[in-house]
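To keep things clear, I will list the structure first and then write my remarks on it.
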Amino acid sequence: MAKSPEVKLAVFGRAGVGKSALVVRFLTRRFIWEYDPTLESTYRHQANIDDEVVTMEILDTAGQEDIQQKEGHMRWGDGFVIVYDITDRGSFEEVAPLRSFLEEVKKPKNVPLVLVGNKSDLDHVRQVGTEEGERLAAEMACAFYECSACANEGGSVAEAFHELCREVRRR
Ligand code: GDP
Ligand code: MG
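Residue numbers for the sequence shown follow the working numbering, so the first one is 48 and each next one is one higher.
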């Protein structure tokens, strides 16, 4: 039997955007309110995507690494989830520079990527419009999802991870 493909996915974004909450939501379908924000973890997860069993190795970065650590994570990964918090404009403004750095590190490879605007349940304190996220994703030529790690209606958290796996497998 053919060995199931393995993809290495790294989750990036400013500290506090909800990277750990999203990863745990994806893996357990549960929401856990507090994680140690300094913790970096990797998880293995198998999923059936388009009739193929894919093994994901997921790196949940802490979001406060120095430049060398960041570069190491970028070299390690095959695909990347870049997360911002829709209630934190600063986290959105960090996306484009992060992506440029990623391109630089992976050059000349084209980098499989998805953009996630998290905390969509906090619409009343939103600082970043949905159209802005869509526009940025279009500029980066990647898929875009607005999600909530705590109110995951429609399952868009899993959809974002699965789409990233497809994107990696297409390359
Ligand atoms: P990380 O530093 O990016 O890993 O962020 P965490 O996953 O530790 O989350 C930071 C804070 O945001 C925690 O207090 C979480 O409970 C909260 N949080 C994460 N995702 C969501 C979400 O979708 N909605 C809301 N309302 N809070 C969230
Ligand atoms: Mg975290």
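For every residue, glycine included, the Cβ atom is placed at its ideal position computed from N, Cα and C.
For Phe148, the uninterrupted alpha helix (DSSP H) run begins and ends at Val142 to Lys153, by DSSP. Counting along the chain, Met187 sits inside no alpha helix (DSSP H), nor does DSSP assign it H or E at all.
Between the alpha carbons of Leu162 and Met121 lies a distance of about 16 Å.
Segment contact: the region 178-187 against the region 199-218, fewer than three CB-CB distances shorter than 8 Å; contact not assigned.
Beta-bridge partners of Gly126 (DSSP): Leu56. As the crow flies, the alpha-carbon of Arg213 is around 23 Å from that of Glu151. Of the heavy atoms belonging to the ligand GDP, none sits nearer than 7 Å to the Cβ of Tyr131. Linking Phe139 to Val175 through their CA atoms gives a straight-line distance of about 7 Å.
Residues Val161, Val163 and Tyr192 of the same chain have their beta carbon placed closer than 6 Å to that of Ala207, with the five preceding and five following residues left out of the count.
The beta carbon of Ser195 sits closer than 7 Å to at least one heavy atom of the ligand GDP. A direct Cα-Cα distance of roughly 8 Å separates Thr85 from Gln111.
In the structure shown, Gly164 falls within a strand segment according to DSSP collapsed to helix, strand and coil. A Cβ-Cβ separation of about 6 Å places Asn199 in contact with Arg72 under the 8 Å criterion. For Cys189 and Asn95, the gap between their C-alpha atoms comes out near 22 Å. Counting the other CB atoms within 10 Å of its CB gives Asn165 a total of 16 or more, which places it among the buried residues.
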